[in-house]
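If you're matching positions, the sequence shown starts at 4 in the numbering used here and goes up one per residue.
Taking it in order: structure first as C-alpha coordinates, then the write-up.
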Amino acid sequence: FLDTYDSIRRDSYPAVLESLARAARSLPDPQLQTRLQQLCSEVQHCQGWGHHPAVPAPWEVLAPPSGVFQVQRGSQPRVAQLCAVRSVFSGSALALNQLQVSHVKALSRVLFLTPHLPAPVLRHRLRSHVLEIRQLDRALQRLSLGQLREEELRAACYVRGLNSTHLDVASCRAWLEQWLGLSCRLEASEASLLANSMVLLSLNYARPK
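Written as C-alpha coordinates, this is what we have:
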(Lines of atoms letter the chains of each structure in order from A and count residues from 1; the text may use other names and numbers.)
(Lines give C-alpha, C1' and ligand atoms only; values in the text may rest on other atoms or scores of the structure.)
Protein backbone atom coordinates (compact mmCIF):
# COMPACT_ATOMS: atom_id res chain seq x y z
CA PHE A 1 0.00 0.00 0.00
CA LEU A 2 3.01 2.33 0.40
CA ASP A 3 3.45 2.38 -3.37
CA THR A 4 -0.22 3.23 -3.80
CA TYR A 5 -0.11 6.14 -1.37
CA ASP A 6 3.11 7.40 -2.92
CA SER A 7 1.48 7.32 -6.36
CA ILE A 8 -1.39 9.40 -5.00
CA ARG A 9 0.87 12.09 -3.58
CA ARG A 10 3.00 12.16 -6.73
CA ASP A 11 -0.15 13.13 -8.65
CA SER A 12 0.19 16.50 -6.91
CA TYR A 13 3.76 17.12 -8.04
CA PRO A 14 2.83 18.86 -11.33
CA ALA A 15 0.74 21.40 -9.41
CA VAL A 16 3.63 22.10 -7.04
CA LEU A 17 6.08 22.59 -9.90
CA GLU A 18 3.65 24.80 -11.81
CA SER A 19 3.17 26.98 -8.73
CA LEU A 20 6.93 27.35 -8.29
CA ALA A 21 7.31 28.27 -11.95
CA ARG A 22 4.65 30.94 -11.72
CA ALA A 23 6.19 32.38 -8.57
CA ALA A 24 9.64 32.48 -10.18
CA ARG A 25 8.37 34.75 -12.94
CA SER A 26 6.95 37.22 -10.43
CA LEU A 27 10.09 37.68 -8.34
CA PRO A 28 11.42 41.26 -8.43
CA ASP A 29 15.04 40.19 -7.83
CA PRO A 30 16.52 39.06 -11.20
CA GLN A 31 19.20 36.95 -9.53
CA LEU A 32 16.75 35.05 -7.35
CA GLN A 33 14.39 34.72 -10.29
CA THR A 34 17.13 33.11 -12.37
CA ARG A 35 18.18 30.79 -9.55
CA LEU A 36 14.65 29.54 -8.97
CA GLN A 37 14.09 29.09 -12.70
CA GLN A 38 17.28 27.08 -13.00
CA LEU A 39 16.24 24.99 -10.02
CA CYS A 40 12.86 24.23 -11.55
CA SER A 41 14.43 23.47 -14.93
CA GLU A 42 16.35 20.60 -13.39
CA VAL A 43 13.19 18.83 -12.34
CA GLN A 44 11.65 16.68 -15.02
CA HIS A 45 8.02 15.62 -15.04
CA CYS A 46 7.52 11.97 -14.10
CA GLN A 47 6.23 9.26 -16.37
CA GLY A 48 2.54 8.78 -15.81
CA TRP A 49 1.69 12.48 -15.50
CA GLY A 50 -0.11 12.29 -18.79
CA HIS A 51 2.01 15.00 -20.42
CA HIS A 52 2.38 14.48 -24.16
CA PRO A 53 5.75 15.63 -25.60
CA ALA A 54 3.96 17.74 -28.22
CA VAL A 55 2.11 19.69 -25.56
CA PRO A 56 4.27 22.05 -23.48
CA ALA A 57 4.13 21.58 -19.73
CA PRO A 58 2.94 24.53 -17.62
CA TRP A 59 6.46 25.48 -16.52
CA GLU A 60 7.56 25.45 -20.20
CA VAL A 61 4.70 27.74 -21.22
CA LEU A 62 5.63 30.12 -18.43
CA ALA A 63 9.29 30.19 -19.38
CA PRO A 64 10.94 33.52 -20.16
CA PRO A 65 12.32 34.16 -23.68
CA SER A 66 15.77 32.99 -22.58
CA GLY A 67 14.32 29.49 -22.48
CA VAL A 68 15.56 28.60 -19.01
CA PHE A 69 12.70 26.12 -18.65
CA GLN A 70 13.03 24.61 -22.10
CA VAL A 71 15.52 21.96 -21.05
CA GLN A 72 14.09 19.47 -18.56
CA ARG A 73 17.20 17.64 -17.40
CA GLY A 74 15.53 15.46 -14.80
CA SER A 75 18.32 15.76 -12.21
CA GLN A 76 18.00 16.16 -8.48
CA PRO A 77 18.67 19.62 -7.01
CA ARG A 78 21.59 19.98 -4.62
CA VAL A 79 21.14 21.31 -1.11
CA ALA A 80 23.33 24.29 -2.02
CA GLN A 81 20.92 25.21 -4.83
CA LEU A 82 17.96 25.08 -2.47
CA CYS A 83 19.75 27.17 0.13
CA ALA A 84 20.60 29.74 -2.54
CA VAL A 85 16.89 30.54 -2.93
CA ARG A 86 15.85 30.13 0.71
CA SER A 87 15.00 33.81 1.11
CA VAL A 88 12.33 33.44 -1.58
CA PHE A 89 10.44 31.02 0.65
CA SER A 90 10.33 33.21 3.73
CA GLY A 91 9.65 36.76 2.62
CA SER A 92 7.89 36.68 -0.72
CA ALA A 93 5.05 35.01 -2.59
CA LEU A 94 6.44 31.60 -1.63
CA ALA A 95 6.23 32.08 2.13
CA LEU A 96 3.65 29.71 3.61
CA ASN A 97 1.24 32.50 4.49
CA GLN A 98 1.49 33.89 0.95
CA LEU A 99 1.19 30.73 -1.14
CA GLN A 100 -1.65 30.45 -3.61
CA VAL A 101 -4.43 28.21 -2.31
CA SER A 102 -3.86 25.72 -5.15
CA HIS A 103 -0.22 25.45 -4.08
CA VAL A 104 -1.19 24.89 -0.43
CA LYS A 105 -3.66 22.18 -1.45
CA ALA A 106 -1.04 20.42 -3.58
CA LEU A 107 1.50 20.47 -0.75
CA SER A 108 -1.16 19.22 1.65
CA ARG A 109 -1.70 16.19 -0.55
CA VAL A 110 2.06 15.58 -0.62
CA LEU A 111 1.97 15.40 3.19
CA PHE A 112 -1.16 13.22 3.12
CA LEU A 113 -3.28 16.03 4.59
CA THR A 114 -6.80 16.64 3.38
CA PRO A 115 -7.05 19.64 1.02
CA HIS A 116 -10.77 20.05 1.64
CA LEU A 117 -10.61 22.70 4.34
CA PRO A 118 -10.69 26.52 4.41
CA ALA A 119 -7.42 28.12 3.29
CA PRO A 120 -6.41 29.47 6.75
CA VAL A 121 -6.85 26.01 8.26
CA LEU A 122 -4.88 24.41 5.43
CA ARG A 123 -1.98 26.82 5.95
CA HIS A 124 -1.96 26.24 9.70
CA ARG A 125 -2.03 22.44 9.33
CA LEU A 126 0.66 22.48 6.67
CA ARG A 127 2.93 24.70 8.75
CA SER A 128 2.38 22.58 11.87
CA HIS A 129 3.23 19.32 10.10
CA VAL A 130 6.30 20.72 8.36
CA LEU A 131 7.66 22.22 11.58
CA GLU A 132 7.04 18.92 13.36
CA ILE A 133 9.17 17.19 10.72
CA ARG A 134 11.81 19.88 11.15
CA GLN A 135 11.87 19.26 14.89
CA LEU A 136 12.21 15.51 14.36
CA ASP A 137 15.03 16.19 11.91
CA ARG A 138 17.03 17.92 14.61
CA ALA A 139 16.49 14.97 16.92
CA LEU A 140 17.61 12.59 14.16
CA GLN A 141 20.74 14.60 13.55
CA ARG A 142 21.67 14.42 17.23
CA LEU A 143 20.94 10.70 17.32
CA SER A 144 22.89 9.91 14.11
CA LEU A 145 21.40 7.84 11.33
CA GLY A 146 23.66 4.90 12.10
CA GLN A 147 21.50 4.11 15.11
CA LEU A 148 18.32 3.70 13.07
CA ARG A 149 17.07 0.24 12.19
CA GLU A 150 16.36 -0.38 8.51
CA GLU A 151 12.59 -0.06 8.92
CA GLU A 152 13.04 3.19 10.86
CA LEU A 153 15.32 4.57 8.17
CA ARG A 154 12.85 3.69 5.42
CA ALA A 155 9.93 5.17 7.37
CA ALA A 156 11.86 8.40 7.97
CA CYS A 157 12.48 8.77 4.23
CA TYR A 158 8.89 7.95 3.33
CA VAL A 159 7.26 10.56 5.52
CA ARG A 160 9.64 13.18 4.08
CA GLY A 161 8.58 12.50 0.51
CA LEU A 162 10.79 9.66 -0.73
CA ASN A 163 9.30 6.30 -1.62
CA SER A 164 11.93 4.14 0.04
CA THR A 165 10.08 0.86 -0.52
CA HIS A 166 12.32 -0.41 -3.32
CA LEU A 167 15.55 1.44 -2.54
CA ASP A 168 18.54 -0.17 -0.84
CA VAL A 169 19.55 0.94 2.62
CA ALA A 170 22.58 2.91 1.42
CA SER A 171 20.42 4.96 -0.96
CA CYS A 172 17.90 5.67 1.80
CA ARG A 173 20.64 6.78 4.18
CA ALA A 174 22.29 9.00 1.57
CA TRP A 175 18.99 10.70 0.75
CA LEU A 176 18.09 11.23 4.41
CA GLU A 177 21.53 12.72 5.09
CA GLN A 178 20.91 15.17 2.27
CA TRP A 179 17.47 16.02 3.62
CA LEU A 180 18.83 16.64 7.10
CA GLY A 181 21.57 18.79 5.60
CA LEU A 182 18.84 21.07 4.29
CA SER A 183 16.28 20.86 7.08
CA CYS A 184 18.70 21.54 9.90
CA ARG A 185 19.89 24.74 8.20
CA LEU A 186 16.43 26.21 7.84
CA GLU A 187 14.59 28.47 10.24
CA ALA A 188 10.93 28.03 11.11
CA SER A 189 10.14 30.97 8.82
CA GLU A 190 11.48 28.92 5.90
CA ALA A 191 9.02 26.05 6.36
CA SER A 192 7.71 26.59 2.85
CA LEU A 193 11.07 25.60 1.36
CA LEU A 194 11.07 22.40 3.40
CA ALA A 195 7.55 21.53 2.23
CA ASN A 196 8.40 22.13 -1.43
CA SER A 197 11.63 20.18 -1.04
CA MET A 198 9.59 17.05 -0.36
CA VAL A 199 8.86 17.22 -4.07
CA LEU A 200 12.12 18.71 -5.36
CA LEU A 201 14.43 16.28 -3.56
CA SER A 202 12.43 13.11 -4.10
CA LEU A 203 11.16 13.42 -7.65
CA ASN A 204 14.31 12.36 -9.49
CA TYR A 205 16.13 10.43 -6.81
CA ALA A 206 17.59 7.01 -7.58
CA ARG A 207 15.04 4.79 -9.28
CA PRO A 208 14.01 1.52 -7.65
CA LYS A 209 16.51 -1.28 -8.11
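Cβ atoms here follow ideal geometry from the backbone N, Cα and C, with glycine treated the same way.
Reduced DSSP category for residue i - H, G, I as helix; E, B as strand; rest coil
i, result
"residue 194", "helix"
"residue 127", "helix"
"residue 117", "coil"
"residue 157", "helix"
C-beta contact flag for residue i and residue j at 8 Å
i, j, result
"residue 85", "residue 203", "yes"
"residue 89", "residue 193", "yes"
"residue 80", "residue 42", "yes"
"residue 139", "residue 129", "no"
"residue 150", "residue 187", "no"
"residue 29", "residue 103", "no"
"residue 46", "residue 189", "no"
Residue-chain proximity (residue i, chain C), Cβ-Cβ < 8 Å
i, result
"residue 136", "Note that chain C does not occur in the displayed structure, where there is just one protein chain."
Status (buried if at least 16 other CB within 10 Å, exposed otherwise) for residue i
i, result
"residue 159", "buried"
"residue 92", "buried"
"residue 27", "buried"
"residue 147", "exposed"
"residue 172", "exposed"
"residue 11", "exposed"
inquiry  = Would the stretch 104 to 112 count as touching the stretch 14 to 24 if we require 3 or more Cβ pairs under 8 Å?
reply    = yes
ask   = Are three or more beta carbon pairs between the stretch 147 to 164 and the stretch 96 to 105 nearer than 8 Å?
value = Judged by Cβ distances under 8 Å, the stretch 147 to 164 makes no contact with the stretch 96 to 105, as fewer than three pairs qualify.
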